[in-house]
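Structure first, commentary second.
Chains as they are written, first to last, in the working numbering: chain A, 2 to 81; chain B, 384 to 754.
Below, the structure is given as structure tokens:
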């Protein structure tokens with residue numbers, strides 16, 4: 002099998018960076034709400050990281066409504 | 384579709400046949416994929432504290448409050464009985480040399496807040512030696528807020544969340560006798576000499592007669608940073624302008640006498656406190672709220688807090704504020720005290736739960752004219 006049509010390098014880097022960041026966010030999120038001692042530190046990572054992911058995706062594809070709604074929802078929680 | 388496709392079609396049907404999965408190399412690959420997925424899922428479950436041995440977390444902490452105090456839907460799980468305050472803070476600017484936070488520059492900012500009794504029972508009667516608290520929400524001009532929750536004891540009784548939890552369990556009243564098991568309390572104190580020492584200090588400081596003549600202390604340490612970038616460890620407190628009167632030996636029978644006296648006091652005239660920043664020296668513990676700092680530490684009087692009005696908890700007032708001690712502003716930062724992160728985490732669970740519950744009115748009613 003040959004890959005004749007690959008996505009441009011930038012898209013691929015962005016794709017995998019997002020995959021890693023979103024997976025990390027899931028772990029940080031569940032760790033954050035189940036740790037009294039690390040809560041403060043993890044919230045301090047979780048909030049800016051959520052903004053980074055949201056803005057990266059909004060900046061690249063401003064018409065991506067699904068992701069925008071998902072991250073818009075996250076933002077409500079982040080407001081605490 | 385042409386006839387030329389048929390050999391490929393046959394190839395595909397073989398390739399995607401279920402039996403194609405049963406070859407050794409494919410099974411090995413599937414096993415590796417399955418194992419990787421399982422391991423990631425197990426890591427996720429471990430991170431989420433769903434696997435044994437489960438450690439104390441914010442959910443089990445609040446569950447413990449509910450188990451000890453009984454269910455009181457709609458109320459805070461701790462400091463459940465309270466009343467809302469409104470007023471303002473007049474900063475004299477003296478705090479600005481320690482912190483660049485807007486609140487310490489000269490000027491007035493509106494304040495809302497809450498007086499409460501420590502404990503998770505919203506209908507409990509006021510008692511002598513009930514620990515009282517004052518929580519404040521400074522509304523800063525840039526639309527930001529600074530929140531702090533303070534208690535009228537000189538030091539806190541435990542130094543970390545695990546000890547707090549164990550003390551809650553150890554002093555839980557027995558279901559049959561209605562009193563805590565003395566053996567449990569004894570065992571807790573034997574394991575926590577810092578609590579024994581803290582209780583001795585608390586006993587040396589008599590409780591005041593009411594809310595208005597009490598000093599409220601942050602207990603936890605924080606770090607203030609000024610515009611030159613210098614970071615200073617501080618503990619803060621508000622000290623009453625009203626003269627201290629000790630708790631009378633016989634308290635009135637009225638179950639809300641502390642709150643009623645406060646309401647009468649504030650209706651007569653605004654009550655005031657001085658905001659005092661106590662500066663820690665190197666070696667003063669910032670990570671252990673059970674240990675007092677030496678009495679000769681420099682104190683900076685940062686201004687005057689005026690409480691001009693009180694109102695019963697209601698939608699939109701202090702009832703709906705989470706007095707999270709980590710809602711700070713630029714220039715005010717947490718210290719290494721482990722209680723701060725634990726309080727922030729547990730308050731969040733308490734707030735989330737009560738936000739979704741039906742409310743009943745507070746035991747504390749505010750009647751009569753306000754100012």
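Ideal placement from N, C-alpha and C gives every residue a C-beta, glycine not left out.
Given the structure is predicted, the values throughout are model-derived calculations rather than measurements.
Span of the beta strand (DSSP E) around residue i
i                      : result
residue 501 of chain B : It is not in any beta strand (DSSP E) - residue 501 of chain B carries neither H nor E in the DSSP assignment.
residue 616 of chain B : 614-623
residue 472 of chain B : 464-474
residue 694 of chain B : 682-694
residue 560 of chain B : Run containing residue 560 of chain B: none; DSSP gives neither H nor E here.
residue 38 of chain A  : That residue, residue 38 of chain A, is in no beta strand (DSSP E); it is neither H nor E in DSSP.
residue 715 of chain B : 715-717
residue 608 of chain B : 605-608
residue 521 of chain B : 515-522
residue 528 of chain B : 528-534
First and last residue of the uninterrupted alpha helix (DSSP H) at residue i
i                      : result
residue 544 of chain B : 544-553
residue 666 of chain B : No alpha helix (DSSP H) contains residue 666 of chain B, which DSSP labels as neither H nor E.
residue 487 of chain B : Run containing residue 487 of chain B: none; DSSP gives neither H nor E here.
residue 582 of chain B : 576-587
residue 12 of chain A  : 10-33
residue 409 of chain B : 407-430
residue 648 of chain B : 640-651
residue 445 of chain B : 441-452
residue 459 of chain B : Here residue 459 of chain B belongs to no alpha helix (DSSP H), and DSSP marks it neither H nor E.
residue 732 of chain B : 721-738
Rounded separation between residue i and residue j - CA only
i                      : j                      : result
residue 565 of chain B : residue 470 of chain B : 43 Å
residue 634 of chain B : residue 34 of chain A  : 42 Å
residue 484 of chain B : residue 48 of chain A  : 22 Å
residue 44 of chain A  : residue 658 of chain B : 29 Å
residue 432 of chain B : residue 543 of chain B : 19 Å
residue 693 of chain B : residue 669 of chain B : 34 Å
residue 405 of chain B : residue 418 of chain B : 18 Å
residue 519 of chain B : residue 688 of chain B : 10 Å
residue 733 of chain B : residue 602 of chain B : 21 Å
residue 397 of chain B : residue 20 of chain A  : 34 Å
residue 18 of chain A  : residue 10 of chain A  : 12 Å
residue 698 of chain B : residue 531 of chain B : 21 Å
residue 426 of chain B : residue 414 of chain B : 18 Å
residue 754 of chain B : residue 15 of chain A  : Since pLDDT at residue 754 of chain B reaches only 42, below the 50 mark, its modelled position is unreliable, and the value read off the structure follows with that caveat. So the two alpha carbons sit approximately 59 Å from each other.
residue 739 of chain B : residue 456 of chain B : 9 Å
residue 77 of chain A  : residue 394 of chain B : Interpretation of residue 77 of chain A is limited by its pLDDT of 47, a score under 50 that renders its predicted location unreliable; the figure taken from the coordinates is listed afterwards. Each residue's alpha carbon lies about 52 Å from the other.
residue 587 of chain B : residue 593 of chain B : 18 Å
residue 473 of chain B : residue 655 of chain B : 11 Å
residue 549 of chain B : residue 653 of chain B : 40 Å
residue 620 of chain B : residue 671 of chain B : 17 Å
residue 53 of chain A  : residue 30 of chain A  : 15 Å
residue 703 of chain B : residue 502 of chain B : 18 Å
Residue closest to residue i, alpha-carbon to alpha-carbon, out of the options
i                      : options                    : result
residue 690 of chain B : B:545, B:496, B:744, B:455 : B:496
residue 441 of chain B : B:713, B:593, B:426, B:731 : B:731
residue 624 of chain B : B:597, B:710, B:631        : B:597
residue 744 of chain B : B:438, B:621, B:458        : B:458
residue 661 of chain B : B:630, B:586, B:681, B:667 : B:681
residue 479 of chain B : B:719, B:746, B:714, B:740 : B:714
residue 482 of chain B : B:709, B:615, B:640        : B:615
residue 28 of chain A  : B:695, B:423, B:702        : B:423
residue 554 of chain B : B:567, B:560, B:709, B:546 : B:567
residue 700 of chain B : B:405, B:411, B:466        : B:466
residue 718 of chain B : A:19, A:53, A:46, A:42     : A:42
residue 622 of chain B : B:591, B:636, B:649        : B:591
residue 729 of chain B : B:410, B:749, B:460        : B:460
residue 39 of chain A  : B:735, B:547, B:439        : B:439
residue 727 of chain B : A:36, A:57, A:50, A:46     : A:36
residue 514 of chain B : B:504, B:531, B:535, B:505 : B:535
residue 646 of chain B : B:671, B:679, B:695, B:611 : B:695
residue 678 of chain B : B:618, B:444, B:505        : B:618
residue 537 of chain B : B:523, B:549, B:582, B:504 : B:582
residue 685 of chain B : B:674, B:401, B:454, B:488 : B:488
residue 464 of chain B : B:671, B:504, B:473        : B:504
residue 545 of chain B : B:703, B:400, B:443        : B:443
residue 50 of chain A  : A:22, A:31, A:13           : A:22
residue 589 of chain B : B:572, B:558, B:612, B:629 : B:629
residue 706 of chain B : B:420, B:498, B:446        : B:498
residue 736 of chain B : B:445, B:428, B:430        : B:445
Chain-ordered chain D contacts of residue i [CB-CB under 7 Å]
i                      : result
residue 432 of chain B : Absent from the structure is chain D; the protein chains it does hold are A and B.
Legend entry - Cβ contact check for the region 437-450 of chain B and the region 480-492 of chain B: 3 or more pairs under 8 Å: no
Inset, instruction - Could you say if the region 572-584 of chain B and the region 596-610 of chain B meet the contact criterion of at least three C-beta pairs nearer than 8 Å? - result: no
Legend entry - Contact list for the region 703-715 of chain B against chain A, Cβ threshold 8 Å: 705, 707, 709
Legend entry - Contact the region 633-652 of chain B vs the region 506-518 of chain B: 3+ CB pairs below 8 Å: yes
Legend entry - Contact between the region 715-729 of chain B and the region 532-546 of chain B (3+ Cβ pairs under 8 Å): yes
Legend entry - Near-chain A residues of the region 559-593 of chain B (beta-carbon distance less than 7 Å), N- to C-terminal order: none
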